[in-house]
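Sequential numbering from 595 applies to the sequence shown in this note's numbering.
Notes follow once the structure below has been shown.
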Amino acid sequence: MSEHFRVVPDELRGYSELLKRNSEHFLAIRDYAEEKGGDTSGFTGVLSLLHPAVTGVANLYGMTLEFANERLTKVAASLEAAAGGYERADRTGQQRADEIHTMLESARAVPGGNA
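Below, the structure written as structure tokens:
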């Protein structure tokens, strides 16, 4: 069962950069949510009882966005590593093909070889 596919390492690196940029947006959203969404400065009277709940939810939301940032960053790093792996495999395959080609050429040059 052979599958044929083509991988372009530069495209993997491009996707990696896209993921890195997108992961930074999670941090910007986190900062905004913690600053604006967790703002309890106007809570007075009975509303002041909600202060810990609002702060807790804002912190939980921030931690979730930070987790998403970390995961996207790890996927980006994995894509970079995969691109390098594909390039190494291509170089190795090319070197082997060149060696075989050289051996075939030298066999043809031997008297009695296929000319």
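Beta carbons are placed, not taken as given, at the ideal position from N, Cα and C, and that holds for glycine.
Since the structure is predicted, the reported quantities are computational estimates derived from the model, not experimental observations.
- Could you give the DSSP three-state label for Arg615: helix, strand or coil? helix
- Query: My guess is that Gly632 and Ala647 are in contact by the Cβ rule of under 8 Å, so how many angstroms apart are they, rounded?
  - Reply: Between Ala647 and Gly632 the Cβ distance is about 11 Å, and since that is not below 8 Å, they are no contact.
- Might you give, ordered along the chain, the residues of its own chain that have their beta carbon closer than 8 Å to the beta carbon of Lys614, omitting 5 neighbours on each side? Leu666, Thr667 and Ala670
- Message: Using a Cβ distance threshold of 8 Å, determine whether the region 675-683 contacts the region 606-622, with at least three qualifying pairs required.
- Response: Below 8 Å, enough C-beta pairs join the region 675-683 and the region 606-622 to call them touching: three or more.
- Item | Reduced DSSP secondary structure (H/G/I, E/B, other) of Val602 | coil
- Item | Thr638 (DSSP reduced to helix, strand or coil) | coil
- Message: As a quick exercise: from Asp684, Gln688 and Phe661, pick the residue whose alpha carbon is nearest that of Val602.
- Response: Asp684
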